[in-house]
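K.L.:
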Amino acid sequence: MLELGILADDLTGGMMVASLLEREGIECPLVSSIEALADISPSASAVVVARKIRLVDSVVAINEGQQTVEALKKVGCKRFYYKYCATFDSTEKGNIGPIAEAMLSASGGRQTLFCPAFPVHTVTVFQGMMFIGSQPLGQSFKQFDPVTPMFNSNLVEVLQSQTASKVGLLSHNLLQRGRQAFDAYLTQPDAAKLFIADAADDDDLERVAEYALDWPLTTGADALPIFLARAWQARKSSHSQRTPKSLLPASPGFEAFIAGSCASATLKQIEQFETRHPVFRIDLLAAKNDPDYVSKILLWAQDYLYHQPIAVTSSADANELKRTQSALGRDGAAGLADRILGQVGEGLFNLGVRKFVIAGGETSGQVINALGIKKVEVSVFDELGGGYCHRGGEHPVSFILKAGMLGQPDFCFTAFDRMRLAEKSQ
15 MLELGILADD LTGGMMVASL LEREGIECPL VSSIEALADI SPSASAVVVA
65 RKIRLVDSVV AINEGQQTVE ALKKVGCKRF YYKYCATFDS TEKGNIGPIA
115 EAMLSASGGR QTLFCPAFPV HTVTVFQGMM FIGSQPLGQS FKQFDPVTPM
165 FNSNLVEVLQ SQTASKVGLL SHNLLQRGRQ AFDAYLTQPD AAKLFIADAA
215 DDDDLERVAE YALDWPLTTG ADALPIFLAR AWQARKSSHS QRTPKSLLPA
265 SPGFEAFIAG SCASATLKQI EQFETRHPVF RIDLLAAKND PDYVSKILLW
315 AQDYLYHQPI AVTSSADANE LKRTQSALGR DGAAGLADRI LGQVGEGLFN
365 LGVRKFVIAG GETSGQVINA LGIKKVEVSV FDELGGGYCH RGGEHPVSFI
415 LKAGMLGQPD FCFTAFDRMR LAEKSQ
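Throughout, this note's numbering is defined as the position within the sequence shown, counted from one, plus 14.
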C-alpha cells in the first residue's frame, strides 16, 4: 500500500523529499506525470508526483491538485501531501492556498495544515512568523527573489491573502500541550479550515506528524514527510527497511552543468566551475532577437564535450538581472531563460550528454520535460542535497538536480565525481 502520495510544485523540491524518504528506508520513486503512476513498483511505500505548478495560472494549478489526488486514490494511496518550497515561495494570490484547498476537497478532508519549516536548515516558524536563521523571511535574501519575492514574514497573513477560508495558527504552545488540547482546539465551533503550524525545532515537527498522521491531507516542505514516515512506521509491529542507495546505475556519456538559478550559492558554483572548465553565459537580450541562439550554444559545446564537462547558464547577479528584467519584464526574462535552457538540455542530450547537473527548480523541470522523462529512481539525501536520480532504459541518463540556494562552491565537482563513480563501480 502507498502510505503517502506527494504532489510537489517543482522538480528539485520533489526530488529532495523523495531522497529524504529514501534515507528513512522508504522506497519512494518520483514521477513527472500522473500517467506514470501506473508503472511504479508495488513495493513502493510512497511516491512523489513532481509538477511545475508553482507559478502557473491558478485554474491550471487547481486542476493539477484535484487530478493528482484522484490518480493517487486509484493506485491505493492512503494519505496525501502537498509539497512546496520551505520559504513558502508564492505570489500574493497563490498557488499554495488554491492547490491545497483543491487537494483537500478531493481527499475528503475537513481541515489541513501548512508546515513549511525545515529546522535542520535553519528555516523555522514561531507564532506564525517564518525565520531563516535569525532573520524574518521578509528581511532575508528572499525579498530579492527574481520570481517570487517574499516581503511578509507572517505566514498566516500570506496564506490568508490566497484564500477566502479562515486561516488559523497551530502554535508552539498548543503543540506542547499535547494531543488532547490539539484535538479540542480543532473542534471548536469557530475553528479555521486551514492552519499554519509552528515548528521551532524537530520536536514540533514530530508532534505535528503524530497529531495529523490520520488527516487525509497535510502540506509543507521537505521535513514533515520524514516525521510522517517515522510516525506510520512506529505504528506497525514490523516493517521492512531498504538499504539506502548512494550510487545509482551508470550513465556513460558526456557531462554538462546547466544553471538557471540566480541564488548566490549557484553563482559561486558557476565561478568555481569556470576555474577548470568552459562556461557559456547566456545573454538574454541578445537571445531574444536571434532565432539561432540555441544552435550557436550547441556548436560551442561540441568543441569541448569530448574532453571535459561544460556549463551553460542564464544565472545572473543583481545588476545583470535588473538589466534584463528592465528590458524583458520579470516574467519575460524568466520565460525566455527557461525556454532556452530546456532546448539546450535537449540538444546536449542529442550530442551524447548523459550526466547532468542542473541548478534551479524551474530549470530542472524545464530540462526534464524537454527530455520527456516521466519516472526516475532516486538516491538517498546526502551531501548532494537529494537531487541524484537516474532514468534507465536504452539511453540511460543521470541527473543531480540542485535547489538554487543549496550547496558548497565545489558542488559540481562533487556531483560529477559521484556519477563517474557509478560507472567505475559497474
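Glycine is no exception: its CB is placed at the ideal position from the N, C-alpha and C atoms. Note that this is a predicted model, so its numbers are computed, not measured.
(1) Please state whether the Cβ-Cβ distance between LEU51 and ALA85 is less than 7 Å.
(2) Tell me whether LEU127 is buried or exposed, calling it buried when 16 or more other Cβ atoms sit within 10 Å of its Cβ.
(3) Is it the case that the Cβ atoms of THR280 and TYR95 are separated by a distance below 7 Å?
(4) Does DSSP put HIS404 in a helix, in a strand, or in coil?
(5) Which partner residues of CYS91 appear in the DSSP bridge assignment?
(6) Identify every run of the alpha helix (DSSP H) within the stretch 361 to 410, keeping only runs that are complete inside it and at least 4 residues long; order them along the chain.
(7) What is the rounded straight-line gap between the Cα of MET15 and the Cα of ALA60?
(8) Who does SER412 pair with in a DSSP beta bridge?
(9) Let me confirm a value: ASN187 is counted as buried when at least 16 other C-beta atoms fall within 10 Å, else exposed. Which label applies?
(10) Using CA coordinates, which residue listed in GLN80, ILE272, THR289 and TRP314 is at the minimum distance from VAL381?
(11) How many angstroms separate the CA atom of THR162 from the CA atom of LEU69?
(12) Using beta-carbon positions only, say whether SER185 and ASP212 come within less than 7 Å of one another.
(13) Return yes when the Cβ of THR377 is within less than 7 Å of the Cβ of LEU355, no when it is not.
(14) Whose CA, out of GLY123, LYS207, SER329 and LYS66, lies closest to the CA of SER278?
(15) Express the C-alpha separation of VAL390 and GLY401 in angstroms, rounding to a whole number.
(16) Determine the direct distance from the alpha carbon of LEU398 to that of PHE425, and round the result to whole angstroms.
(17) For TYR225, which residues from the same chain have a beta carbon less than 7 Å from its beta carbon, with the 5 sequence-adjacent residues on both sides left out?
(18) Whose CA, out of TYR98, LEU183 and PHE209, lies closest to the CA of ARG124?
(19) How is PRO305 classed by DSSP in three states: helix, strand or coil?
(20) Can you list, in chain order, the residues of its chain with a C-beta nearer than 8 Å to that of LEU261? Leave out the 5 residues immediately preceding and following it.
(21) Can you name the start and end residues of the alpha helix (DSSP H) that MET419 belongs to?
(22) Could you tell me whether the stretch 21 to 37 touches the stretch 97 to 112, where touching means 3 or more Cβ pairs closer than 8 Å?
(23) Is it right to say GLU171 is buried, meaning 16 or more other beta carbons lie within 10 angstroms of its own, or is it exposed?
(24) Helix or strand or just coil, what does DSSP make of VAL83?
(25) Does LEU313 pass the burial test, meaning 16 or more other C-beta atoms within 10 Å, or should it be called exposed?
(26) Any contact of the stretch 100 to 115 with the stretch 173 to 185, i.e. 3+ C-beta pairs under 8 Å?
(27) What are the start and end residues of the beta strand (DSSP E) that includes ILE210?
(28) Does ALA347 come within less than 7 Å of chain B when only Cβ atoms are used?
(29) Go ahead and label ASN364 buried or exposed: buried means 16 or more other beta carbons lie within 10 angstroms of its beta carbon, across all protein chains shown.
(30) According to DSSP, CYS129 sits in a beta bridge with which residue or residues?
(31) Would you call the CB atoms of PRO423 and LYS302 closer than 7 Å?
(32) Of the choices SER275, ILE54 and THR327, whose alpha-carbon is the least far from that of LEU420?
(33) Look at the alpha carbon of LEU200 and the alpha carbon of ALA347, and state the distance between them as a whole number of angstroms.
(34) In whole angstroms, what is the alpha-carbon distance linking GLY418 and GLY152?
(35) For ALA131, I'd like the list of residues in its chain whose CB is within less than 6 Å of its CB, leaving aside the five on either flank, ordered along the chain.
(36) Taking the C-alpha atoms as reference points, what is the distance between ILE296 and VAL326?
P.N.:
On the basis of the data shown:
(1) yes
(2) buried
(3) no
(4) strand
(5) LEU16
(6) 375 to 384
(7) 9 Å
(8) LYS369 and HIS404
(9) exposed
(10) ILE272
(11) 9 Å
(12) yes
(13) yes
(14) SER329
(15) 11 Å
(16) 7 Å
(17) ARG193 and PHE196
(18) PHE209
(19) coil
(20) SER393, ARG432, LEU435, ALA436 and SER439
(21) Per DSSP, MET419 belongs to no alpha helix (DSSP H) and is neither H nor E.
(22) yes
(23) exposed
(24) helix
(25) exposed
(26) yes
(27) 208 to 211
(28) As a matter of chain content, chain B is missing from the structure shown, which is built from one protein chain.
(29) exposed
(30) GLY234
(31) no
(32) SER275
(33) 44 Å
(34) 18 Å
(35) VAL137, THR138, VAL139 and ALA213
(36) 7 Å
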